[in-house]
Each structure stands twice: as C-alpha cells, then as structure tokens.
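If you want it as structure tokens, here you go:
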C-alpha cells in the first residue's frame, strides 16, 4: 500500500506526458511561408514601399471589429502600410488554438491579395494555397461587414477558413475606415 | 407502508438467485464512484454555463500532482519597479501573463510606455502592463534583435540587430542606422526577486489547468492515474450488471406474483 501513491503519481505523469505529446503534435510547428517584412515589400507592385502608419483601435471601431471577429482585436493599435488608395495589413486571428498571421492588400475597397504568412496549427494548412486564397481577389464589403462573394470552405480546415474569412472582412473594414478618414 | 412478515421475507429471500448478494455488494462498493461520475458528468454537460473552461486553478498541490513544471530558466529585465520575464516560451509582466513569446532581449521605459524587444518581435506596453501593440519583422529594422537601449532624444529607442544598430523614430514607424554610441545604456538582464519569480511560476504552471480539466479527469478516473481509469471502467461494467440483473429480477418477481 505504501508504494501505491508513487505508482498513482507515475501513472498520472505518464498520462500527462502522453497528453502533452498529443498537444504538441496537435499544436504543430510554426510554418513561415513568407516573412512579414517580405510581404510588405511586395505589397506595392512597383517596388516602392508603402508608408507605415498606425491605426488606433478606438472605442468607435472596436464594436465593429467585435461584430466581425466576435471578439475585440488585441492591443490598442496596429500597423498598416499605405500608398495612394492601396493599403497593406498584417493581421492575426486564431484558427483553433494558434493565431494565423495573414497579409492582406486592399485597393479601392476590394481585396487585391490575401496571403497566409505564418501558420501555427497542425490542421487546416491548406488555406495557404492559392486555390483558396485567390477566392478573396476582387471581394468587397457589402451590407456593412459582409463579403460580397461566398468563399468556399475546405473539408477539415473549417476553423482556419473561418479565421481567414473574418480577416478578409476585417481588412476591408479597416481600409474603409482609413479611406473615410482621408476623405474627411 | 407495512413490512412483510418474517416468514414471507425468508421465503422471498430463499427465492433470490445465489448471486444476489453480489448485486448488493457491488452496488455498495461502487456507490462512491457512481456518485462521482454522475456529478462530474452533470457539471461537464454544463461546461459553458458554469464556465468550467475559464476557471483557473490556483493550487500548488494540484500542479505537483499533475507534474506541471515550468521549463528552462527565466530571463528577466527590470523596467522602473516592474519586472518583465520570459520563461518557458511565455512572456509575463510582473505576475500578469502577456502571451507566447520568444527570447527576451531587453526592456526599457520611454515616457508612459514600456518597450520590450524579443528575438523576433517588439512589444509596446503601457506603464500598467497593458499591451499597446506587437511589432513583427515588417515593422522592425533588418536582422535579428540582440539588445535594446533607450535615450531621451527624438529617436528614443535604439536596437542592435545582427545587421547593425538602428534608432527608432517617433512611434517606431521608421528606423535609421546609427553609429555605436558609448553613451548608450543598454538594457541588461537581471535576476528578478524570488518572490516575483515564485508568483510568476505559479501563474505559468496554472495557465493550462482549468476546472474543466480537473472535472474531465475526475469523470474519466484519469485524475487517479491508470488505476483510476480501470476503477471507472469497472464501475461502468458493474452498473451494466446491476441494471441487467436488477431488471431481470424485478421482471421475474412480477411474473411469479
């Protein structure tokens, strides 16, 4: 009986180690498909870099962001790059447990390019492929914060697909806000 | 409700099958397990309402029981009277967990903000430790950050990377290469007080342990190791036996009467 407790503890530790291995496997490794710095360099076609700007996540915009993401965007401000009517955004949203870092270029209120830069989940990485991300090209915002075109899902990558749909909507909304402030 | 006469009771008892005492013993033996599984199961069914997955557990004996430890050594920098610590892949400000992060390279205070530089990011915090923003490689100078210094001029932040030394402009929107300046005071790692580290260690250990995890492990028996799982399995089989045998016996009595 005296040896029972150490055995129980050993059993729990074994199971915890097993759970940890499963968690690590499930979490997967971080895959960097394109460095954020390289995305910003390539976001403006003729090689002339956009001007870095700050976007403050004020009490006015956070409620709209909450409608899109179903939660607020972390932090008090974020960076974007702008030249004329083109803006480039690097945004993050959690797919299942880890954030997906995505670069989005918007011009004249429509998405010109959406690219997964860093993927950290073990499943759903298919969303990085052009057959999926090309669906966002030319998509605009309608009825406030909805996408103008349906984005087809990918079996087994539902959460990642949803995360990118949200980021597409968010980038369009942020661009619209920036353009509106310029016009004002 | 009248109890049957003694002769009727003994007649009834004599009609019971020989295994009947085991029915009773099994019911009594597993009663505690049944109750545990029932109550934890009801709680798990209402995880959302009870917010079980959001309720953290603060109990060192439970961390010990689960064998949860914080790996590696803490890297600490002091900013004014506060401590920023990167430990086991996470970043904390005093005892507030900020999130996952790489290795901390330096921390300085500029006006009403604190700036932290890591191997692949720069974090800006308020003096209360609230995250203002996180800058990735797109907003940082070329190369991997090595160390950080503060100065009270127009370019308040200086970062040394593998590509050179750069000064950050207002709001850190642009970086300009600068020469090494012996007057710069580079942020140096320190050793956080034991009390601070102990608080942080507790926060990091308890980060993933929620009431939901405990309930789930109690429900499955896994909380008590492999033996616990076997006991819960045995209790499930016992419940099946009690259900079948009890139903069979009740029907038999009904038919005879």
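Protein chains in written order, with this note's numbering: chain A, 8 to 191; chain B, 4 to 260. From the three backbone atoms N, C-alpha and C, an ideal C-beta is built for every residue, glycine too.
For residue i, three-class secondary structure by DSSP
i             : result
residue 35/A  : Residue placement at residue 35/A cannot be trusted, given a pLDDT of 49 that sits under 50; what the coordinates show is reported in the next sentence. Coil, per DSSP.
residue 133/B : coil
residue 48/A  : helix
residue 161/A : coil
residue 53/A  : coil
residue 69/B  : helix
residue 87/A  : strand
residue 109/A : strand
residue 4/B   : The predicted position of residue 4/B is uncertain, since its pLDDT is 42 and thus under 50; no value can be drawn from it.
residue 101/A : strand
residue 172/A : helix
residue 60/A  : strand
residue 252/B : helix
residue 149/A : strand
residue 67/A  : coil
residue 192/A : Since the first residue of chain A shown is 8 and the last is 191, residue 192/A is not available in this structure.
residue 143/B : coil
Contact belief for residue i with residue j at Cβ below 8 Å, rounded distance in angstroms
i             : j             : result
residue 111/B : residue 176/B : Actually they are not in contact, since the Cβ atoms of residue 111/B and residue 176/B sit about 18 Å apart, beyond 8 Å.
residue 71/B  : residue 89/B  : Actually they do not touch by this definition, with Cβ atoms about 19 Å apart.
residue 164/B : residue 148/B : 5 Å
residue 210/B : residue 100/B : 6 Å
residue 152/A : residue 73/A  : Incorrect: roughly 10 Å between the Cβ atoms, too far for contact.
Neighbourhood of residue i by C-beta distance below 6 Å, restricted to the same chain and skipping five residues each side
i             : result
residue 76/A  : 173
residue 249/B : none
residue 99/A  : 106 and 108
residue 258/B : none
Spatial neighbours of residue i in its chain, beta-carbon cut-off 8 Å, leaving aside the 5 residues before and after
i             : result
residue 124/A : 39, 40, 41, 42, 43, 46, 97, 108, 109 and 110
residue 234/B : 36, 224 and 227
residue 213/B : 55, 56, 57, 58, 59 and 60
Closer than 8 Å to chain B by CB, residue i
i             : result
residue 126/A : no
residue 46/A  : yes
residue 81/A  : yes
residue 176/A : no
residue 101/A : no
residue 107/A : no
residue 158/A : no
Spatial neighbours of residue i in its chain, beta-carbon cut-off 7 Å, leaving aside the 5 residues before and after
i            : result
residue 65/B : 212
CB contact check: residue i to chain A, cutoff 8 Å
i             : result
residue 101/B : no
residue 142/B : yes
residue 204/B : no
residue 91/B  : no
residue 177/B : yes
Near the ligand FAD: residue i beta-carbon under 7 Å from a heavy atom
i             : result
residue 130/A : As for the ligand FAD, it is missing from this structure, which has no ligand bound.
**Message:** Quick check on the DSSP output: what are the complete alpha helix (DSSP H) runs of length 4 or more inside the segment 146-227 of chain B, in order along the chain?
**Reply:** Counting whole runs of 4 or more residues, the segment 146-227 of chain B contains the alpha helix (DSSP H) stretches 197-209 and 214-223.
**Asked** Unbroken beta strand (DSSP E) runs of length 3 or more, entirely within the segment 66-133 of chain B: which are they?
**Response** 78-82, 85-90, 93-96, 99-103, 107-113, 116-121 and 125-129
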